[in-house]
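Protein chains in written order, with this note's numbering: chain A, 585 to 818; chain B, 67 to 144.
Each residue gets a CB set at the ideal place from its N, CA and C atoms; glycine is no exception.
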Amino acid sequence: MSALAEATVFDVEPLVVAGSTARPIELTLDPESREWLTALGSVGVLRDDAVARLHALLLHAARFEVARRRRALPHLRGDDFDDIANQAADDALVSVLRRLGDFRGASRFTTWAYKFALLEAAVKLRKRAWQGRELPLEPESWTAFASTDVGPQAELEQRAVIHAIEHAIHEVLTPHQRTVLVALALNGVPIDVLADRLGSNRNALYKTLHDARRRLRRHLDDCGLAVDGTREEE
Amino acid sequence: MEDRDVKDALSRVLGPAEPELGCDACFDELDRYVELEAAGADADAAIPGLRAHFEGCPACREEHESLLALVRGDTERR
Chain A
585 MSALAEATVF
595 DVEPLVVAGS
605 TARPIELTLD
615 PESREWLTAL
625 GSVGVLRDDA
635 VARLHALLLH
645 AARFEVARRR
655 RALPHLRGDD
665 FDDIANQAAD
675 DALVSVLRRL
685 GDFRGASRFT
695 TWAYKFALLE
705 AAVKLRKRAW
715 QGRELPLEPE
725 SWTAFASTDV
735 GPQAELEQRA
745 VIHAIEHAIH
755 EVLTPHQRTV
765 LVALALNGVP
775 IDVLADRLGS
785 NRNALYKTLH
795 DARRRLRRHL
805 DDCGLAVDGT
815 REEE
Chain B
67 MEDRDVKDAL
77 SRVLGPAEPE
87 LGCDACFDEL
97 DRYVELEAAG
107 ADADAAIPGL
117 RAHFEGCPAC
127 REEHESLLAL
137 VRGDTERR
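Below, the structure is given as structure tokens:
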């Protein structure tokens with residue numbers, strides 16, 4: 585039997601940088617990023633102007649994200665989208681200023697700042713889409729699923745895998761792993777929405793999901809079953 | 067379930083087989099990864115485990131797609 589692929593979640597060690605207020609500007613920074621850091625690290629009018637420019641930059645990114653997703657939220661009005669974009673920019677501004685010392689010049693400052701606004705906007709939109717909705721925490725039946733482009737033998741093997749997974753979800757996973765896996769992977773609940781309802785966070789829930797997936801893979805391996813890409817060749 | 071295709075559903079349930087970063091590490095590395103991609107460099111070699119994470123995490127995948135599109139749009143306007 586081939587060995588089970590041991591997928592792991594690993595973390596990248598953050599680079600140590602100086603604190604935000606007394607942060608020395610690295611020589612490797614591009615001129616534009618250097619200007620941002622100099623201005624945001626200054627005082628008075630220069631800083632106020634930089635903060636205003638930063639807010640405009642973040643609002644640009646937040647509106648970009650809102651525009652990409654607004655078709656998925658047909659029940660919202662234009663004002664709602666404007667509100668979400670502005671709230672996202674406000675929250676992102678706070679995050680960027682708080683984490684200014686984390687910026688290590690691995691990208692342009694604007695790219696680094698953009699991701700905060702995109703995250704804030706995306707999370708707010710996901711939560712708005714699920715506002716007032718009960719989260720589906722029970723798995724739907726797999727019998728409703730259809731195989732495409734597979735022959736009878738492959739379909740038979742697929743059904744064996746599904747049966748083993750159904751069994752493992754109930755018998756192998758912990759209750760918390762089951763809740764998280766069913767909600768996220770089977771029922772399509774956004775991870776930020778589930779984190780909000782469970783009082784958790786995205787990273788912690790993904791770790792739980794990852795551990796659940798590993799248990800399922802190990803169970804399939806123990807059963808002598810595999811799906812494409814789930815096992816390593818000996 | 068969202069997708070009625072069994073293969074897609076299995077992929078969502080079992081996730082990526084390769085080692086992957088977590089969501090916090092993904093956020094930390096996302097800007098560097100996207101700029102490498104936009105520059106045509108081998109982002110996956112520079113930051114292993116991020117591509118696999120995008121396969122397993124729809125939220126991070128969506129934010130990656132958005133940041134890449136935003137950065138590419140800026141580059142075209144420059």
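- Ranked by Cα distance from Arg-712/A, the first of Asp-664/A, Leu-757/A, Pro-720/A and Arg-692/A is Asp-664/A.
- Neighbours of Ala-636/A in chain B, taken as residues whose beta carbon is under 8 Å from its own, are absent, since the nearest beta carbon is some 19 Å off.
- For Glu-121/B, the enclosing alpha helix (DSSP H) starts and ends at 116-122.
- Under the three-state reduction of DSSP, Asp-71/B is assigned to strand.
- Of all residues in the segment 647-660 of chain A, the ones placed with a Cβ closer than 9 Å to any Cβ belonging to chain B are Phe-648, Glu-649, Arg-652 and Arg-653, in chain order.
- Around the beta carbon of Gly-122/B, 16 or more other beta carbons sit within 10 angstroms, so the residue counts as buried.
- Using a Cβ-Cβ cut-off of 7 Å, Gln-742/A is close to Val-72 of chain B, given in chain order.
- Within the model, the alpha-carbon separation for Thr-695/A versus Ala-738/A is close to 45 Å.
- The three-state secondary structure of Glu-722/A, taken from DSSP, is coil.
- Contact of Pro-774/A with chain B is assigned, a C-beta pair being separated by under 9 Å.
- In this structure, Val-79/B places its C-beta atom within 9 Å of the C-beta atom of Arg-797/A.
- When rounded, the separation of the alpha-carbon atoms in Gly-689/A and Gly-628/A is 25 Å.
- Around the beta carbon of Pro-759/A, fewer than 16 other beta carbons lie within 10 angstroms, which makes this residue exposed.
- The Cβ of His-794/A sits closer than 9 Å to at least one Cβ of chain B.
- Taking C-beta atoms under 8 Å as the contact rule, Arg-799/A and Val-756/A qualify, at a distance of about 5 Å.
- Sixteen is the threshold: since fewer than 16 other Cβ atoms of the shown chains lie within 10 Å of the Cβ of Thr-141/B, the residue is exposed.
- Exclusion of the five residues before and after Tyr-698/A leaves Leu-641, Leu-642 and Ala-645 as the residues of its chain whose Cβ lies within less than 8 Å of its Cβ.
- Check the Cα spacing between Asp-666/A and each of Ala-651/A, Phe-693/A, Val-680/A and Val-773/A: the tightest is with Ala-651/A.
- The Cβ of Ser-691/A sits closer than 9 Å to at least one Cβ of chain B.
- Between the segment 738-751 of chain A and the segment 774-790 of chain A, the count of C-beta pairs closer than 8 Å stays below three; the two stretches do not touch.
- Counting only Cβ-Cβ distances below 8 Å, Glu-129/B has contacts in chain A at Lys-699, Leu-702, Leu-703 and Ala-706, in chain order.
- Using a Cβ-Cβ distance cut-off of 8 Å, the segment 715-722 of chain A and the segment 803-810 of chain A are not in contact, since fewer than three pairs of beta carbons, one from each stretch, lie closer than that value.
- With respect to the 9 Å criterion, Glu-95/B and Ile-113/B are classified as neighbours on the basis of their beta carbons.
- Taken through DSSP and simplified to helix, strand or coil, His-659/A comes out as coil.
- In this structure, the CA atom of Leu-782/A is about 43 Å from the CA atom of Leu-630/A.
- Within chain B, the C-beta atoms nearer than 7 Å to that of Lys-791/A come from Gly-88, in chain order.
- Listed along the chain, the chain A residues whose CB falls inside 7 Å of the CB of Arg-78/B are Ala-769.
- Sequence-distant Cβ neighbours of Thr-792/A in its own chain, meaning closer than 7 Å and more than five residues away, are His-760, Gln-761 and Val-764.
- In the displayed model, Trp-620/A falls within a helix according to three-state DSSP.
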